[in-house]
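Asks:
Numbering (my numbering), first residue to last: 2 to 466.
1. Quick one: using the 10 Å Cβ neighbour count with 16 as the cut-off for buried, is residue 456 buried or exposed?
2. Can you find the residues in the same chain that come closer than 6 Å, C-beta to C-beta, to residue 386, ignoring five residues on each side of it along the sequence?
3. Could you have a look at residue 328 and say whether DSSP puts it in helix, strand or coil?
4. Tell me the DSSP secondary structure of residue 311 in three-state form.
5. Would you call residue 258 buried or exposed, if buried means 16 or more other Cβ atoms sit within 10 Å of its Cβ?
6. Give the DSSP bridge partners of residue 267, in chain order.
7. Considering only residues of the same chain and omitting the five flanking positions on each side of residue 421, which have a CB-CB separation below 6 Å?
8. Mapping the DSSP letters down to three states, classify residue 105 as helix, strand or coil.
9. Using only alpha-carbon positions, find the residue among 89, 282, 286 that is nearest to residue 11.
10. If we ignore side chains and look at the alpha-carbon of each, how far apart do residue 370 and residue 109 end up?
11. On the DSSP letters alone, give me the boundaries of the alpha helix (DSSP H) that residue 20 sits inside.
12. In the DSSP assignment, find the unbroken beta strand (DSSP E) run with residue 1 in it and report its ends.
13. For the alpha helix (DSSP H) containing residue 390, name the first residue and the last one.
14. Taking the Cβ atom as the reference point for each residue, do residue 77 and residue 112 lie within a distance shorter than 9 Å?
15. With DSSP as the reference, please indicate the residues paired to residue 1 in a beta bridge.
16. Any chance you could list the beta strand (DSSP E) runs of at least 3 consecutive residues sitting entirely within the segment 61-146, in chain order?
17. Is it the case that the Cβ atoms of residue 267 and residue 288 are separated by a distance below 9 Å?
18. Within its chain, find whatever has a CB closer than 6 Å to the CB of residue 273; leave out the 5 residues flanking it on each side and keep chain order.
19. Can you grab the Cα-Cα spacing for the pair residue 194 / residue 152, in whole Å?
20. Give the secondary structure of residue 318 by DSSP, where H, G and I count as helix, E and B as strand, and everything else as coil.
21. Counting only the same chain and skipping the five closest in sequence on each side, list residues whose C-beta sits under 6 Å from that of residue 116.
22. Would you report the Cα separation of residue 313 and residue 375, rounded to the nearest angstrom?
23. Assuming residue 38 is part of the alpha helix (DSSP H), what are its boundary residues?
24. Can you look up residue 188 in the DSSP assignment and give me helix, strand or coil?
25. Figure out for me which residue from 458, 104, 40, 140 has the closest Cα to the Cα of residue 91.
26. Given a cut-off of 9 Å, decide if residue 179 and residue 434 are closer than it, judged by their beta-carbon atoms.
27. Out of curiosity, what's the CA-to-CA distance linking residue 45 and residue 149?
28. I'd like the span of the beta strand (DSSP E) that includes residue 337, first residue to last.
29. DSSP puts residue 406 in a beta bridge; with which residues?
30. Express the C-alpha separation of residue 449 and residue 97 in angstroms, rounding to a whole number.
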């Protein structure tokens, strides 16, 4: 039996229990609602009132009552005329499986938003469970669209993702093209604030008339919706790069989307991780890198330079692609905005103490040096437009990225990239690279929900034909 921390204003958990909840992903093998209630509420608040929890749908209350914490009062949001105040709201929208169903539920969701705005205590939280649904004709971005609606009225906070065991759900056979398994549930968090600081202004792609892929579904064995990957130790030379991603991770994607002898591009090649991975898979590699120092490191890693075309140049300029043939596949990981320049990162402190480079470069053309978020996203869109012009019709692009958090505001970078690329590409779906070998930190302890973000988005697109 743990002793609650009397200074903890958010919940009744011990510091150890708080820390265990903070990882941004978890295996979804049981009903998660009781844990969310225990994290986001107290049994009794300082003014003596009992914690009130509002639930939608009614089945959460009626079918799972024995699992819910007994020392709370519960409100069913099937009746939205209720004027009871709430300390926490949990909304389950996982029954929505298509854009048509989402449109049909819009009136109900608007009513739920209105109820939360009216009855939820200030600076208290809402959790929404929802899923994106993927098929060979593109992705129905249900969870992201719902998040956009709530972001108009509440402050978006860190998400958690629930990962169901991939082997437990049969992969639906698809006639054309690649799509990931539908084995991830989003748990989207919002806090009621006087002013939500960032209003979303993007629009997501919607699957239209069927555009088929030249390759059949059986050509793509890697369809896991999520996976755990532990990178090997980095080579001494490539430690200079502040944000390298692992070759063996890239190999999974290259083996999935190419055949030996085909051309693979990374327009932000860094120290050549993806190029080296392409060579390991028997492919030819093309790359562009702005920083000459990183180009030299990358070239030193190749015994055979004949299978690699590495250009020192700016990926936002068309001339940087002129020397490349038509490409079969592209994979890259852009800067996570200018986050490497943010103070307070323990990793950055360690790199500073070791005398290592903490950001990509000081070049104003470097995407990692752009302070304006929309300008940064637009630059990425320009780069991936040039990539599309070089990709074969129906060829794939994979972008590995994280949503970012800056001064308490969530910038859903992965979602914004998908919205920005809708004219050049069909979005096929997101997979999640989940990390379980990272140290947890008690961010926000006693006061607020702040996650340790240990999942990366691996976004895959198909060039429009």
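Glycine included, each C-beta is placed from N, C-alpha and C at the ideal position.
Replies: Walking through what the data contain:
1. Buried.
2. 425.
3. Judged by DSSP in its simplified three-state form, residue 328 adopts strand.
4. If DSSP states are grouped into helix, strand and coil, residue 311 belongs with the strands.
5. With a 10 Å radius around the Cβ and a threshold of 16 neighbouring Cβ atoms, residue 258 comes out buried.
6. Beta-bridge pairing links residue 267 to 288.
7. So the list reads 378, 382, once near-sequence residues are dropped.
8. DSSP places residue 105 within a helical segment (H, G or I) once states are collapsed to three.
9. Closest option to residue 11, Cα to Cα, is 89.
10. Their backbone Cα atoms lie some 43 Å apart in a straight line.
11. Following the DSSP letters along the chain, one finds residue 20 inside the alpha helix (DSSP H) bounded by residues 16-22.
12. The chain is shown from 2 up to 466; residue 1 falls before or after that span and cannot be answered.
13. 374-391 is the extent of the alpha helix (DSSP H) around residue 390.
14. Here residue 77 is not near residue 112, since their CB atoms are 9 Å or more apart.
15. Since the first residue shown for the chain is 2 and the last is 466, residue 1 is missing from the structure and cannot be characterised.
16. Segments of the beta strand (DSSP E) lying fully in the segment 61-146: 74-77, 87-93, 121-131, 134-136, 139-141.
17. Taking 9 Å as the Cβ cut-off, residue 267 and residue 288 qualify as a contacting pair.
18. Answer for residue 273: 299, 302, listed in chain order.
19. Taking the straight line from one Cα to the other gives about 11 Å.
20. Note: residue 318 maps to coil in three-state DSSP.
21. The residues are 81.
22. Cα to Cα, residue 313 sits roughly 26 Å from residue 375.
23. Under the DSSP assignment, residue 38 falls in the alpha helix (DSSP H) whose first and last residues are 34-41.
24. Assigned with DSSP and collapsed to three states, residue 188 falls in strand.
25. If we check each option's Cα against that of residue 91, 40 comes out closest.
26. Taking 9 Å as the Cβ cut-off, residue 434 and residue 179 do not qualify as a contacting pair.
27. Taking the straight line joining both Cα atoms gives about 32 Å.
28. Element bounds for residue 337: n/a, residue is neither H nor E.
29. The partner list for residue 406 (beta bridge, DSSP) reads 411.
30. For residue 97 and residue 449, the distance between alpha carbons rounds to 29 Å.
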